[in-house]
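Structure first, then comments.
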Amino acid sequence: MSDAAATLTQDRQKLEMAALSAPAVIFTVAMIAFPVVYTIWLGFQTFSSTGKQSFAGLANYAKLISDYEFWNGLWITIALFVLSLALQLVFGVWLALVLFHAKRLPGIVRSLFISPFMMPPVVAGMMWLVILDPSLGAANYILQSFGLPPSDWLASPTWVIPTVALIDSWQWTPYVALIVLGGLQSLPPSVYEAAQIDGASPFKTFQRITLPLLLPTIVTAAILRSVDLLRFFDIIYITTQGGPGNASNTLNIYGFRVGFEFFNIGYASALMLTLTAIVFGAVLAFNRLRGAVAW
Amino acid sequence: MKARMLATHVALPVLAIAVSAQAQAADFDWMKFKGKTVTFLANNNPVSQALLTYKADFEKLTGMTLKVDGYQEQQMRQRLVTVMNANSDEVDVFMTLPSREGEQFSAAGWYGDLTAMAKNDVAKDYDPAGLSQALLKAATFSGKLTSMPMNLEGPIFYYRTDIFRKCGIEAPKTIKDVEAAAEKIKACDSTVTPFVSRGLKPAIAYTFSNMLHNVGGSYIAGGKSNLCSAKGKEALDTYSRLLRDFGPPGVVNYSFQQISALYRSGRAAMAFESSNELRTVMEGGARLKDTGLLPFPAGDAGQVPTTIGWGMAVSSHSKQPDAAWYFVQWATSPEVQKKMALQGIAPPRPSVANDPEYRKWIDEEPVRKEWQAALDVFATKGSSEVGYPIVANPQSREFIGQAVQDLILKQKTVDQACADADKALDALIALN
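Protein chains in written order, with this note's numbering: chain A, 1 to 295; chain B, 1001 to 1432.
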């Protein structure tokens, strides 16, 4: 076969492959693109309480600037994000180290520790709602058994965000730990052997070797958790619905209520697109950080 | 003001429906739409659960298939908003609360008009005039009948007769008596919560409205929000004080689930919660013999209990509204409502409420008798105004709840809370 004929056959094969995969590609792109494009379009519309729709231009985005609930929601979203992420990274690394060094029944210990994140968030939310009930819940009973004062937990405007962060951390710290555990298992043993020969203490080994080498893995875990944390919804919806007052009214909860309870789908779309931009921004920032700490 | 006082008569339109219905009944054929499938978007609450026990009966009677799309209340509304905004015919029949979303859904054009169907296409024994006229009126917007009532409900006052007896307290007759009782119980038995009601922001309007109406207040006066009137402030102050001083810790997160659980466990002496919760509260039987039930005690305006009911509406986008109407008609017929009543769903038909078999069931337990007596008061004196009677009613409930929570949490004075709420609510009213 001549070169020209071979090229022609190859081109034809490529064309056939493209034609065969086209329906799946088109379907996948449409499924991803349509909701995004539709939401962007909705963000330029305004809906009255009766569902009447009209073009609003950038009015929905202009409204964000003067909307107290938007800024309040943004602040709560960021506070929850920072607090939860910090807790999950710190305890995730600690848990990974414990699991890494677990000598007895490592399979059972790992299964036990990872069980919370296998639980549906709605079930976790309901469970913690019962445990933290200030009147009937086990949490205050335990506190009082030790002579400590009871807490209002989710019913306190001051404590609601730390409490929600604790619930989320209870559920997702094991997930971070699993990722970090994978990183720990891939670290080169020769570095540790050298440190041992040099007489480095366990703390120094952790501080100077383990942590720097684990940083790319930790940042990866941070990226994965950031996306979820900035979109935080289910546990808050189950436990407080944004209350007390607006103390846990994250942007996601606020957008949901504006859209599905007050029927202003246009403004809700603008809120959600703004949140999406924030999530993208955070992911980009973490990606840069990952590039900086890669080894 | 568009308050829908249930005692108001609407005899003429209902009478017209009844007379016309008799003329049409002879031609009625339940099998007319045999082979069709009707989709029902249901709120997965005790009312639909009781109804759907008899789903097979409907399918046997009509030869139709009933496809049930069931969700929890809020998720059901999300589904409905999505379907209706897309002008989709996926839903034929949906459950609705006229007191909450009636104005809004009606203005959006989501309700099919049932007026003609209820007049021209009814079975002999349907008896549309036998349905609560007040609830039919509450479901009529701009002259269109938008839904048929499924049940009758409202917040009811549960109290522990044994604790009242132990502490030497009579059953309260007025709101002041409730406060005095709470004070005495607090001193007499420190192990129980004296009073509990709804403190969760979006849920507050349901119980607060009863307090507001009992003291003689109104949500709107002269086209403006009226929470800062003397009566409005009295209602805000009293409701929040009862919860703050005598309620359980964390009451700002309390809705019906928490209230029922607290009362059922014996840890609350008084609870103001939905009449629908009777079955839940009585589960296990611990409260069966020590509970008294009353409409909420009177204020300066007497007793104006909040009275609402779930309704069944036909979607304006349904491609088979006639077949959908057959399902609505069957579900709200005297026969089915009697069966539901025997499962503890308060009937919206006086004829069912007086049915000997239902009465026998009621007479089996004193607590059921008191429950029915309270429901009789609801039917005659009730108001279906829960939150502001405006299109943006769901949003208005947010601001009412916010004002009450601000007071429970001592974040504002009554004057500040009502002024902030009135300002936000005036803006909503202006959009109406």
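Backbone N, C-alpha and C fix where the C-beta goes; we use that ideal spot for every residue, glycine too. Predicted, not measured: the structure shown is a model, and the values here were computed from it.
Report all residues from its chain with a CB closer than 8 Å to the CB of A56/A; omit the five preceding and five following residues, and keep chain order.
Within the first sequence, numbered from 1, the residue matching residue 56/A stands at position 56. Closer than 8 Å at the Cβ level, and outside the excluded window around A56/A, lie F44, Q45, T46, G266.
Among W1325/B, D1420/B, W1310/B, nearest to I1345/B - alpha-carbon criterion:
Sequence index remark: in the second sequence, residue 1345/B carries index 345 (1-based). The option with the nearest alpha carbon to I1345/B is W1310/B.
Looking at the C-beta of Q241/A, does it have a partner C-beta in chain B at a distance below 8 Å?
One-based indexing of the first sequence puts residue 241/A at position 241. Chain B contact via Cβ: present.
Which stretch, first to last residue, makes up the beta strand (DSSP E) that contains S1274/B?
Here residue 1274/B refers to the residue found at position 274 when the second sequence is read from its first residue. Note, S1274/B: beta strand (DSSP E), 1268-1274.
How many Å lie between S248/A and S1225/B at the Cα?
The residue you call residue 248/A lines up with position 248 of the first sequence. The residue you call residue 1225/B lines up with position 225 of the second sequence. C-alpha separation (whole angstroms): 27 Å.
Quick check: is the beta carbon of S54/A nearer than 8 Å to any beta carbon in chain B?
Residue 54/A sits at position 54 when you count from the first residue of the first sequence. By this cut-off, S54/A is not an interface position.
Are there three or more Cβ pairs, one per stretch, closer than 8 Å when the region 262-280 of chain A is compared with the region 214-222 of chain A?
Contact between the region 262-280 of chain A and the region 214-222 of chain A is absent: fewer than three C-beta pairs spanning the two stretches fall below 8 Å.
To which residues of the same chain is R110/A closer than 7 Å at the C-beta, ignoring the five residues directly before and after it?
Locating residue 110/A in the first sequence gives position 110, where the first residue counts as 1. Cβ neighbours of R110/A beyond the five flanking positions: L99.
Per DSSP, S1315/B forms a beta bridge with which residues?
Along the second sequence, one-based indexing puts residue 1315/B at 315. DSSP, once it has assigned bridges, lists Y1111/B as partnering S1315/B.
Entirely within the region 1153-1241 of chain B and at least 4 residues each: give me those alpha helix (DSSP H) ranges in chain order.
1161-1166, 1175-1188, 1204-1215
Within-8 Å CB hit, T1413/B to chain A
Along the second sequence, read from residue 1 onward, the residue named residue 1413/B stands at position 413. Chain A, which has no Cβ nearer than 8 Å to the Cβ of T1413/B, makes this no.
Could you tell me whether the Cβ atoms of T1332/B and G1382/B are closer together than 8 Å?
Counting from one through the second sequence, the residue named residue 1332/B turns up at place 332. Counting from one through the second sequence, the residue named residue 1382/B turns up at place 382. Result no, Cβ atoms of T1332/B and G1382/B do not sit closer than 8 Å.
Give the residues from the region 167-178 of chain A that approach chain B closer than 7 Å (Cβ to any Cβ), ordered along the chain.
Cβ contacts with chain B: none found.
Are E1103/B and N1393/B touching if we call contact CB-CB under 8 Å?
As a first step, residue 1103/B must be located in the second sequence, where it is residue number 103. As a first step, residue 1393/B must be located in the second sequence, where it is residue number 393. Yes. Within cutoff.
Tell me which residue opens and which closes the alpha helix (DSSP H) that Q1133/B is part of.
If you number the second sequence from 1, residue 1133/B lands on position 133. From DSSP, the alpha helix (DSSP H) with Q1133/B extends over 1133-1138.
Would you say D1057/B lies against chain A (beta-carbon separation less than 8 Å)?
To locate residue 1057/B, count along the second sequence from 1; it is residue 57. Taking Cβ atoms only, chain A never reaches closer than 8 Å to D1057/B, which makes this a no.
Could you pull the start and end residues of the alpha helix (DSSP H) that A138/A belongs to?
In the first sequence, counting from the first residue as 1, residue 138/A sits at position 138. First-last of the alpha helix (DSSP H) with A138/A: 138-145.
Contacting positions in the region 1389-1402 of chain B - beta carbon closer than 7 Å to chain A
V1391, A1392, P1394, Q1395, Q1402
As a quick exercise: from N246/A, T77/A, A222/A, pick the residue whose alpha carbon is nearest that of N287/A.
Taking the first sequence and counting its residues from 1, the one referred to as residue 287/A is at position 287. Cα-wise, what sits closest to N287/A is A222/A.
Residues in the same chain with beta-carbon distance under 8 Å from L64/A, minus the five sequence neighbours each way, listed in chain order, please.
The residue labelled residue 64/A in the question sits at position 64 within the first sequence. Excluding sequence neighbours, L64/A sits near F70, A270, L271, T274.
With L1041/B as the anchor, note down where its beta strand (DSSP E) starts and where it stops.
The residue labelled residue 1041/B in the question sits at position 41 within the second sequence. That run of the beta strand (DSSP E) goes 1037-1043.
Interface partners of A277/A on chain B, CB under 9 Å
Numbered from its first residue, the first sequence carries residue 277/A at position 277. Correct list: empty, because the minimum Cβ distance to chain B is about 24 Å.
Tell me which residues of the region 1241-1260 of chain B have at least one Cβ-Cβ distance to chain A shorter than 8 Å, keeping chain order.
Going along the region 1241-1260 of chain B in chain order, one finds P1248, P1249, G1250, V1251, V1252, N1253, Q1258 with a Cβ nearer than 8 Å to chain A.
Quick one: which chain A residues come within Cβ less than 7 Å of V1081/B?
Looking up residue 1081/B in the second sequence gives position 81. By Cβ distance, chain A contributes F260, F263.
Cβ of K1186/B within 8 Å of any chain A Cβ:
Taking the second sequence and counting its residues from 1, one reaches residue 1186/B at position 186. Chain A contact via Cβ: absent.
Buried or exposed (CB count within 10 angstroms, at least 16 for buried), I1429/B
In the second sequence, counting from the first residue as 1, residue 1429/B sits at position 429. With at least 16 other beta carbons inside 10 angstroms of its own, I1429/B counts as buried.
Going by other Cβ atoms of all chains shown within 10 Å of its Cβ, with 16 needed for buried, is N1087/B buried or exposed?
Numbered from its first residue, the second sequence carries residue 1087/B at position 87. Exposed, by the Cβ-count rule.
So if I threshold CB-CB distances at 7 Å, which residues from the region 224-254 of chain A count as touching chain B?
T240, Q241, G243, P244, G245
Helix, strand or coil for Q13/A per DSSP?
Numbered from 1 along the first sequence, position 13 holds the residue referred to as residue 13/A. In the structure shown, Q13/A sits in a helix (DSSP, three-state: H, G or I).
Going by C-alpha to C-alpha distance, which of W1330/B, V1386/B, L1243/B sits closest to A1118/B?
Counted from its first residue, the second sequence places residue 1118/B at position 118. The shortest Cα separation from A1118/B among W1330/B, V1386/B, L1243/B belongs to W1330/B.
Members of the region 143-154 of chain A that neighbour chain B once the beta carbon cut-off is set at 8 Å:
P150, D152, W153, L154
Excluding the 5 residues preceding and the 5 following V130/A in the sequence, name in chain order all residues of the same chain whose CB lies nearer than 7 Å to its CB.
For the purposes of this step, residue 130/A is taken as the residue at position 130 of the first sequence. Excluding the 5 residues flanking it on each side, V130/A has same chain C-beta neighbours closer than 7 Å at G137, in chain order.
Nearest residue (CA-CA) to G1130/B, options P1356/B, Y1358/B, R1349/B:
The sequence position of residue 1130/B within the second sequence is 130, counting from 1. Measuring from the Cα of G1130/B, the nearest candidate turns out to be R1349/B.
Quick one: using the 10 Å Cβ neighbour count with 16 as the cut-off for buried, is P188/A buried or exposed?
As a working note, residue 188/A is residue 188 in the first sequence. With fewer than 16 Cβ atoms within 10 Å of its Cβ, P188/A is classed as exposed.
K1144/B, DSSP secondary structure in three states
Numbered from its first residue, the second sequence carries residue 1144/B at position 144. DSSP places K1144/B in strand when its eight states are reduced to three.
With V1038/B and V1093/B assumed to form a contact (beta carbons below 8 Å), what rounded beta-carbon distance in angstroms separates them?
As a first step, residue 1038/B is located in the second sequence; it is residue number 38 there, counting from the start. As a first step, residue 1093/B is located in the second sequence; it is residue number 93 there, counting from the start. With a Cβ gap of about 6 Å, V1038/B and V1093/B count as contacting.
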